[in-house]
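Numbering (our numbering), first residue to last: 5 to 144.
A virtual CB, placed ideally from N, CA and C, is assigned to each residue, including glycine.
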Amino acid sequence: MAETRAILTQSEKDIAILIVEDDTMSRTFLRRILKEEGFTNISAVQDGLEAQKEITKHRYDVVLLDLQLPGLDGVEVLKLLRQRHARARVMVITSSNERHVVEQVLEAGAQDYLVKPFAPSVVIERLVRLIRHKGDAKSE
5 MAETRAILTQ SEKDIAILIV EDDTMSRTFL RRILKEEGFT NISAVQDGLE
55 AQKEITKHRY DVVLLDLQLP GLDGVEVLKL LRQRHARARV MVITSSNERH
105 VVEQVLEAGA QDYLVKPFAP SVVIERLVRL IRHKGDAKSE
């Protein structure tokens, strides 16, 4: 993965990232590629209710969010996140590529949408873009 590495500043590497993914393999994979890229402040939860607790207790700069979650679905998590932390950047990473779903989450405040399966380099490229373009969140 060295050939795809972005040049990140230390402050970019230290941002607070929350992974909300119910699939253990996907959650572990996302955490691993973020760590390999140098990110240091990564939390992960496996369902919408855990995400709700995390969002209530902590501020996250970036949230990587699956939509199909037990407990509370990803769209509800996104709405809660927008109420509590309007400046957080959200990348939805899910298996659905249906147009109405994409439109729904972008309208609800996500800045990016990535369909599974994905290449690690694409996640990192889009994550770096989210980090560096903080000013254009729909809910701000």
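Does the separation of the CB atoms of residue i and residue j fall below 8 Å?
i: A20; j: D65; result: yes
i: V126; j: A114; result: no
i: G42; j: L12; result: yes
i: D116; j: P74; result: no
i: R93; j: I135; result: yes
i: I86; j: T60; result: The identity of residue 86 in the sequence shown is Arg, whereas the question assumes Ile. Result no, Cβ atoms of R86 and T60 do not sit closer than 8 Å.
i: A55; j: K83; result: no
List the residues that DSSP assigns as beta-bridge partners of residue i.
i: V119; result: T98
i: A90; result: The partner list for A90 (beta bridge, DSSP) is empty, contrary to what the question assumes.
i: A48; result: I23
i: V67; result: L22, V94
Taking DSSP as the reference, what is the three-state secondary structure of residue i?
i: A20; result: strand
i: L131; result: helix
i: F33; result: helix
i: Q56; result: helix
i: E41; result: coil
i: T13; result: coil
i: Q108; result: helix
i: L82; result: helix
i: R136; result: helix
i: P74; result: coil
Our contact map puts residue i next to residue j with C-beta atoms below 8 Å; I'd like the distance itself, whole angstroms only.
i: N45; j: D18; result: 6 Å
Stretch-stretch touch, CB-based, cutoff 8 Å, three pairs: the stretch 27-35 with the stretch 46-60: yes
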